[in-house]
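Under the UniProt record's numbering, the residue at position 282 of the sequence shown is numbered 282, and the numbers go up by one with no gaps.
We put the beta carbon where it would ideally sit given N, CA and C, even for glycine.
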Amino acid sequence: MSGSLQRGVALAAALVLVGALGWTVLRPADRYRVTAYFTQTVGIYEGGDVRILGIDVGEITGVVPMGDRVRVEMMIDEGYDIPADADAVILAPSLVSDRYVQFAPVYSGGETLADGAELGLDRTATPVELDAVYGALDELSAALGPTGANADGALDDLLETGAANLDGNGEALNRTLTGFSQAVETLAENRDDLFGSIDELQTFTTALATIDAQVARFNDTMAAVADQLEGERSDLALAVQLLSSALGEIASFVQTNTDLLTTNVDRLAEVTLTLVQQRQALAEILDVAPAALGNLAHTYNPDYGTLDTRDNSLGSTSPEVIVCQLLGTAGRLNVAGLSIDTLTDFLSLPPTDQICLRLLSGDPGNDGTLDDLNGNGVPDLEELLGVLFGGGTAAGGGAGGLLDGGVLGLPVLGGGAS
């Protein structure tokens, strides 16, 4: 590198360093710099005001055109904080005075604009110029004038019709506008609920969109049902009429028999309680009944027209009791030419009362030896009566007590064993 080039580079670096030092030293210590870009800056000049809520907080230090935009440089007093997301707007206090730049919103906490911050076109705004307003009004009047919408008198007709309709309806129109204003105010106060409902409705419609095929099939099904109901309209009307009549009769019946229904309901409660208490037995019956009915069908003998079954209803009854019951029943039969006493005499048997007494005493042989088939030292009859009735006769004793009272349905027996 040549010596002249080295000297040039060193000189440039020195100038930059001096400029930076000068800016640091000469810049007011109580201000920070902010730059904003506007589409136009009519009425904005160097030395103009920078405000927040109309209060001066700084000044404009430079206005630099840059083709399609204008850069405005400002110095803000450090005693005033501006939100980091604030916007810059050019305001005109009057038609002929200078304009100023105002920042909004007011700082209430959070991050602030730092020294050297820049605001792009998306964060700045300029007022509409008076010439633009005049131009827009001129275009509107031309569009509504004789060469525009009113070429055939349409605007005149509209105004005349509107005047005729509004004539005498000022009070009603006022009430309408007042009610509309109140409705809008109510909507504004409940905007959170309204927007929440809209969001939920959007979720619902999105869900319907995802199952569009199922919704279409559902609509087709509903249409078919509607067609079927349409075809049976007369039958449905008759059914509803009959149902109405039946409900009337039921109401009359209930009113007439209120006391009986109350009594029946109370009794039904008792029946229901009994069923609840016996639910285990009922469940067992429901489990066994199908098989029992199936077996009953198998017992039928078509050759003889009989049910070939064995009755176990007497399976738990002692044979002695069965014999005595049979003898007692035979003694009460009045069959011509037949007597139980004649039968016992023919068979050389004791009288029937003696037979029953011996059987029920536990000593059918009348030899003083009580039956004890299981060898537990307790007579079989006494053990049987103890199981059935909770008590019995003494060993070797007569059939007193239970037997004398006729509990087993036998005639009262007299005397002991002979």
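Roughly how many whole angstroms lie between the Cα atoms of residue i and residue j?
i: Leu91; j: Asp81; result: 20 Å
i: Thr41; j: Thr147; result: 36 Å
i: Ala216; j: Thr210; result: 12 Å
i: Glu160; j: Ala149; result: 15 Å
i: Leu137; j: Gly162; result: 23 Å
i: Asp235; j: Asp212; result: 35 Å
i: Ala246; j: Ala292; result: 41 Å
i: Thr306; j: Ala289; result: 21 Å
i: Thr262; j: Glu284; result: 32 Å
i: Asp193; j: Asp287; result: 59 Å
i: Ala13; j: Val89; result: 39 Å
i: Asp85; j: Asp77; result: 18 Å
i: Glu189; j: Asp56; result: 36 Å
i: Asn174; j: Gly168; result: 11 Å
i: Met74; j: Ile60; result: 4 Å
i: Asp227; j: Glu249; result: 33 Å
i: Asn295; j: Val271; result: 30 Å
i: Ser197; j: Asn219; result: 25 Å
i: Ser244; j: Ser252; result: 12 Å
i: Val16; j: Ala10; result: 10 Å
i: Gln6; j: Gly19; result: 20 Å
i: Thr206; j: Glu200; result: 10 Å
i: Ala224; j: Gln214; result: 15 Å
i: Gly179; j: Leu158; result: 26 Å
i: Val128; j: Phe204; result: 44 Å
If you run the structure through DSSP and keep just helix, strand and coil, what is residue i?
i: Glu160; result: helix
i: Met66; result: coil
i: Gly391; result: Since pLDDT at Gly391 reaches only 47, below the 50 mark, its modelled position is unreliable, and the value read off the structure follows with that caveat. Gly391 falls in the coil class under three-state DSSP.
i: Gly397; result: Confidence in Gly397 is poor, its pLDDT being 41 and thus under 50, which makes the residue's placement unreliable; the coordinate value appears in the next sentence. Three-state DSSP puts Gly397 in coil, outside helix and strand.
i: Gly58; result: strand
i: Tyr134; result: helix
i: Ile242; result: It is worth fixing the name first, because residue 242 is Leu in this sequence and not Ile. Here Leu242 sits in helix by DSSP.
i: Ile285; result: helix
i: Pro83; result: strand
i: Asn295; result: helix
i: Val72; result: strand
i: Asp77; result: strand
i: Arg31; result: strand
i: Asp199; result: helix
i: Gln40; result: coil
i: Glu118; result: strand
i: Val265; result: helix
i: Gly414; result: Because the pLDDT at Gly414 is just 37, under 50, the model does not fix this residue reliably, and the value given afterwards should be weighed accordingly. In the structure shown, Gly414 sits in coil (DSSP, three-state: anything other than H, G, I, E or B).
i: Gln278; result: coil
i: Asn301; result: strand
i: Val378; result: coil
i: Asp227; result: helix
i: Ile90; result: strand
i: Ala183; result: helix
i: Thr306; result: strand
i: Arg51; result: strand
i: Val106; result: coil
i: Leu128; result: Before going further, note that residue 128 is Val rather than Leu in the sequence given. It is coil, neither helix nor strand.
i: Thr258; result: helix
i: Thr112; result: strand
i: Gly409; result: Low per-residue confidence applies at Gly409: pLDDT is 40, beneath 50, and the placement is therefore not dependable enough to give any value.
Taking the beta carbon of residue i as the centre, do at least 16 other beta carbons fall within 10 Å, making it buried, or is it exposed?
i: Met66; result: exposed
i: Arg233; result: exposed
i: Met222; result: exposed
i: Thr274; result: exposed
i: Thr124; result: buried
i: Arg267; result: exposed
i: Leu113; result: buried
i: Thr126; result: buried
i: Ile44; result: buried
i: Ile52; result: buried
i: Val265; result: exposed
i: Val254; result: exposed
i: Ser276; result: The residue you asked about is not Ser; residue 276 is Val in the sequence shown. With fewer than 16 Cβ atoms within 10 Å of its Cβ, Val276 is classed as exposed.
Below 8 Å on the Cβ atoms is my guess for residue i versus residue j; work out the distance and round it to an integer in Å.
i: Val101; j: Val64; result: Wrong, their Cβ atoms sit about 14 Å apart, outside the cutoff.
i: Gly48; j: Asp98; result: 6 Å
i: Arg31; j: Gly58; result: 7 Å
i: Gly110; j: Pro93; result: Contact flag wrong, Cβ pair sits at about 30 Å.
i: Arg69; j: Thr39; result: 6 Å
Using a Cβ-based criterion (distance less than 7 Å to any ligand heavy atom), does residue i qualify as near the ligand GTP?
i: Asp308; result: In terms of ligand content, the structure shown is empty, and the ligand GTP therefore cannot be addressed.
Counting pairs of beta carbons, one from the region 101 to 116 and one from the region 134 to 151, are three or more of them closer than 8 Å?
Touching, no.
Segment contact flag, the region 112 to 124 with the region 29 to 40, C-beta cutoff 8 Å, min 3 pairs:
yes
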